[in-house]
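Residue numbers (my numbering): 1 to 277.
We put the CB at the ideal spot given by N, CA and C, even for glycine.
Keep in mind that this is a model prediction, so the values were computed, not measured.
To start, the structure under review is shown below, and the notes come after it.
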């Protein structure tokens with residue numbers, strides 16, 4: 001639960017609690033168990049600061065890693081090497097070379113529910129971006145691909161998982177998980193979602209009101225190969241809309257908005273968005 005403090009003329013609002021809870025804003029530093037070293041995102045630089053296909057290139061070559069043991073650096077979902085087999089099999093029908101598939105980021109939402117953001121290389125050595133959302137086949141976007149899978153115009157790739165609703169304090173809440181990777185000219189990603197805030201006054205009375213809550217989900221300087229992730233729970237005071245899982249993400253470059261993404265779900269599910277201007 002988030003707690004804020006604000007002052008207003010005539011009344012002191014001593015605490016404003018958001019019902020729509022944010023569980024993670026950005027990837028933290030990760031310290032390995034038993035006194036191991038600390039991994040920082042700056043050790044994994046974002047893509048080159050460029051638009052188009054060049055914005056999907058990395059100074060150190062193809063990003064990502066091979067989870068041979070499931071515990072490399074910040075592999076918090078403990079993805080095993082064998083869990084990339086399905087994506088490698090699917091890559092055979094794309095421009096990506098199966099043997100080059102690596103892990104960028106993952107969300108393990110259940111024993112058999114693992115979402116993967118991937119990288120690979122095509123036959124020209126160019127980097128591809130992929131995503132695997134079982135039971136659907138993994139998709140790969142490469143500069144050498146054709147049609148909708150040609151990599152370059154996309155500003156970001158975002159995976160959203162809307163999870164089953166639950167009751168909390170008499171209200172119905174709608175959680176979702178977000179995992180994404182941004183092109184090199186994206187300097188920050190801002191998101192906002194509907195929530196409820198409880199306003200406690202000095203006299204002990206409280207009131208509830210709906211508002212839109214937002215915060216930064218990504219800062220290019222943080223690194224992490226340009227990936228980002230967060231979790232939020234939507235909550236409503238005056239009725240639940242037909243599509244209660246919802247959020248708006250803004251992708252900003254140095255000179256303003258590059259693209260926006262409006263997320264809407266009417267039932268639990270998972271979806272890959274290729275975000276374009």
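Coil, strand or helix - residue i by DSSP
i, result
"residue 46", "coil"
"residue 91", "helix"
"residue 53", "helix"
"residue 220", "helix"
"residue 203", "coil"
"residue 99", "helix"
"residue 110", "strand"
"residue 64", "coil"
"residue 23", "At residue 23, the pLDDT of 40 sits below 50, so the modelled position is not reliable; the number obtained from the coordinates is stated separately. Three-state result, residue 23: strand."
"residue 185", "coil"
"residue 78", "coil"
"residue 41", "helix"
"residue 229", "strand"
"residue 84", "helix"
"residue 180", "strand"
"residue 277", "coil"
"residue 155", "coil"
Residue nearest to residue i in terms of C-alpha spacing, selected from the options
i, options, result
"residue 178", "248, 202 and 168", "248"
"residue 116", "123, 82, 97 and 94", "82"
"residue 114", "266, 135 and 176", "135"
"residue 77", "139, 106 and 262", "106"
"residue 255", "87, 187 and 46", "187"
"residue 317", "252, 120, 191 and 92", "Outside the shown range of the chain, which is 1 to 277, sits residue 317, and nothing can be said about it."
"residue 65", "50, 54 and 44", "44"
"residue 50", "222, 169, 183 and 238", "183"
"residue 41", "275, 223 and 130", "223"
"residue 125", "132, 151, 96 and 109", "96"
"residue 141", "229, 56 and 48", "56"
Residues that DSSP places opposite residue i in a beta bridge
i, result
"residue 121", "127"
"residue 295", "Here the chain covers residues 1 to 277 and nothing more, so residue 295 does not appear."
"residue 139", "131"
"residue 167", "172"
"residue 150", "142"
"residue 116", "106 and 132"
Integer-rounded CB distance, given that residue j should sit under 8 Å from residue i
i, j, result
"residue 162", "residue 268", "5 Å"
"residue 58", "residue 174", "Their Cβ separation, rounded to whole angstroms, is 35 Å, which puts residue 58 and residue 174 out of contact at 8 Å."
"residue 90", "residue 137", "4 Å"
"residue 191", "residue 156", "In fact, because the Cβ distance is near 12 Å, the residues do not count as touching under 8 Å."
"residue 261", "residue 158", "6 Å"
"residue 160", "residue 251", "In fact, because the Cβ distance is near 15 Å, the residues do not count as touching under 8 Å."
"residue 181", "residue 227", "5 Å"
"residue 145", "residue 100", "Not confirmed; about 15 Å, so no contact."
beta-carbon residue i near the ligand ADP non-hydrogen atom, thresh 7 Å
i, result
"residue 143", "No copy of the ligand ADP occurs in the structure displayed, which carries no ligand at all."
- Item | Every unbroken beta strand (DSSP E) within the segment 233–271, with a cutoff of 3 residues, ordered by chain | 245–253 and 256–265
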